[in-house]
Amino acid sequence: MKMADAWNGAALAALVLAATTLAGPGALAQAPPAADAPKPAKPFVAPEVATTDAMRQAAIAGVDARAKMAQEMVDQVFSYAEPGFQEFRTSEFLTGVLEKNGFKIERGVAGIPTAWTATWGTGGPLIALGSDIDNLLGLSQYPGVPNIKPMVDGAPGHGEGHNSGMPMMIVAALAAKDVMEKNKIPGRIMLWPGVAEELLATKAFYVRAGLFKDVDATIFSHVSRDFSTSWGPGGNNGMVSVEYTFRGKTAHAAGQPWEGRSALDGVELMDMAWNFRREHLPLTQRSHYVITNGGGQPNIVPGVATVWYYFREQNFQSIRELYQLGNKLSEAAAMATDTTVERRVLGYAAPNYSNKPLAETAYANIKRIGMPQWSDDDRAFAKAVQETNKLKAEPLATEVSPLTAPGDRNTFGGGSDDIGDIMWTVPTITVRYPSNIPGAIGHNVTSAMAMATPIAHKGVVVGAKAVALTVLDLMTTPKVLADAKDYFQNTQLKTQKYDPVLGPDDKPAIWLNADVMARLRPKMEPYYYNPKKYKTYLEQLGITYPTTTPK
Ligand SMILES: [Zn+2]
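Counting with this note's numbering, you get residues 207 to 757 for the letters of the sequence shown.
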């Protein structure tokens, strides 16, 4: 999930406005309205549920009793800092916690070594709870300091805050489970991790492997600076991740260049063709590439070269067309350079679409729980991060965000989140919980600074409470699930059907990041959190909270 989505909409709206102003009053009359123009607030009516106040109080107390456990899990996963497909320590740790608490673990699901499911309960509905667990290459960062300071140079780091999501869901699940056991409420809970979300590389494979075939509803969670959920189309883009490998013929680049056929020429020509064509594509598309292999050394005509593209668009058809255009340009480039090209799909993400009855049920609980009580220390640290990094000055939120509907959001496209594939398979929502600092940049070390501090821990506690209450609502109230399924079948699936680009021969790209971690893991291991010895990870690292000056 890319937290910059809302920013993209605002920025584009501002650009539209700036362009029309420059073009003069004639153009202004034809300018499209700013897509994020504020709408009048609609009154929110909470759905009726059978969960009693006593059950709610017990679930909330169950989360509070696990606040220390939540902090340790958040800190532990932060310290493991594993990128996509390499979440071995993270998964071993999280499944260990769940196994100890009576969940049955299935490891290596969908052919992915670090993926798993953890299931508990009998009868009743099956509710799936998921959150991402991977992090980002090159974003190693000390938590609790307001300046850029890598723990291990070049190592991956939690610059998106995915260390907090699964701990949050585990605490929610355990609190709901206690209440279900005490009140003899039938039902099953299945936890599952978003492996390699930053590569958009697993959830379509989970769906293909049938992980969700018996699931009645999914609650997904994602770290944010606000506490919210939404329904309808997400306004973001779906995506294909695909690698093109060109093959030519090596030759002495100076002695016999006429004997060579450069695979790198194929890559460069494809990129150039794409960059020319980009001007004539819909404004909703986003596409970007990196050259992962450009050859060995200059005096050898490159025999093999590889370029990796992300093609993003708004619906299944337009994603497919963008992908097919990429394929066509790759073939044209191969033809022009007398090389060959083959492609390999590395990931796929469907556009997002959230379920309305589920969102309304969760939102009632988000409002019921409300924002964390931020301390002066929390506010001081947030301010220091913003000031030190020249981010927008914005205090930690004190009110939950409104429930947003499709018309309330921008439609300019943007990032992607492969939760989309599950959203088109079973009724699904994302609960965003307030564990990060406003203004922090997505996919950047500023988004890691708070992620093992009380700000992250407090956000996880309120998030877990809202999710626990929503799980209880789904277990106690068949009507909510019936409404969710009706909305899924008769509203959502009437707009489009799930139609991923993934073919039957495409395999999860489980080799990705293995070389990085083979090189860096030994340097990262000394930084793993030891909760037996230290109350918090900050204590282990010798960082006082709040640290408000650069260290
Ligand atoms: Zn994310």
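Every residue, glycine too, gets a C-beta built ideally from N, C-alpha and C.
- With contacts defined by Cβ atoms closer than 8 Å, Ala479 and Leu535 form a contacting pair.
- In this structure Thr682 touches Val255 by the C-beta definition: roughly 7 Å separates them, less than 8 Å.
- The Cβ-Cβ distance between Asn736 and Arg431 does not fall below 8 Å.
- Remark: the shortest separation between the CB of Glu403 and any heavy atom of ligand 1 falls under 7 Å.
- Gly626: member of the alpha helix (DSSP H) spanning 625-629, first to last residue.
- Counting only the Cα atoms, Leu726 lies some 6 Å from Ala361.
- For Leu470, the three-state secondary structure derived from DSSP is helix.
- The residue from Ala674, Glu745, Gly444, Lys573 with its alpha-carbon nearest to that of Ala555 is Gly444.
- Listed in chain order, the beta strand (DSSP E) runs fully inside the segment 250-308 amount to none, counting runs of at least 3 residues.
- Taking 8 Å as the cut-off, the Cβ atoms of Asn442 and Pro557 count as close.
- With a cutoff of 8 Å on beta-carbon distance, Ala457 and Val507 are scored as near each other.
- One thing to note: Ala321 has its Cβ no nearer than 8 Å to the Cβ of Thr424.
- Using a 10 angstroms sphere on the CB of Asp359, the tally of other CB atoms stays under 16, which defines it as exposed.
- Taken atom to atom, the span from the alpha-carbon of Val385 to that of Met261 is near 6 Å.
- Rounded to whole angstroms, Ala407 and Pro356 show a C-alpha spacing of 27 Å.
- Less than 8 Å separates the beta-carbon of Ser427 from that of Ser337.
- Under the DSSP definition of a beta bridge, Asp338 partners with Gly400.
- Cβ neighbours of Ala264 within its own chain (closer than 6 Å, five residues either side excluded): Val385.
- C-alpha of Ala603 to C-alpha of Thr750: approximately 23 Å in a straight line.
- Ala276 and Glu593 have their C-alpha atoms spaced approximately 29 Å apart.
- Between Met476 and Ile376, the beta carbon gap of about 44 Å keeps them out of contact (Cβ cut-off 8 Å).
- Distance check between Val473 and each of Thr701, Val547, Gln523 places Val547 closest, using alpha-carbon atoms only.
- In its chain, beyond the 5 residues on either side, Val446, Phe517, Val707 have a beta carbon closer than 6 Å to the beta carbon of Tyr529.
- Note on Arg295: 16 or more other CB atoms within 10 angstroms of its CB, so buried under the neighbour-count rule.
- DSSP lists Phe517, Tyr554 as the beta-bridge partner residues of Val446.
- Distances from the alpha-carbon of Ile716 to those of Arg272, Glu293, Tyr515, Thr258 put Glu293 closest.
- For Ala603, no beta strand (DSSP E) encloses it, and the DSSP letter there is neither H nor E.
- Nearest Cα to Ser560 within the set Val351, Trp398, Gln698: Gln698.
- Of the residues Pro488, Asn353, Trp398, the one whose Cα lies closest to the Cα of Leu597 is Asn353.
- Taking all protein chains shown into account, His494 has fewer than 16 neighbouring C-beta atoms within 10 Å of its C-beta and is therefore exposed.
- In the three-state reduction of the DSSP assignment, Tyr743 falls in the helix class, which pools H, G and I.
- By the Cβ test, the segment 668-679 is in contact with the segment 573-586, since at least three Cβ pairs between them sit closer than 8 Å.
- The residue from Ser436, Ser285, Ile339 with its alpha-carbon nearest to that of Gly613 is Ser436.
- The continuous beta strand (DSSP E) containing Ala324 extends over residues 322-328.
- Ile339 and Ala415 have their C-alpha atoms spaced approximately 20 Å apart.
- Within the chosen limit of 7 Å, ligand 1 reaches the beta carbon of Glu366 through at least one heavy atom.
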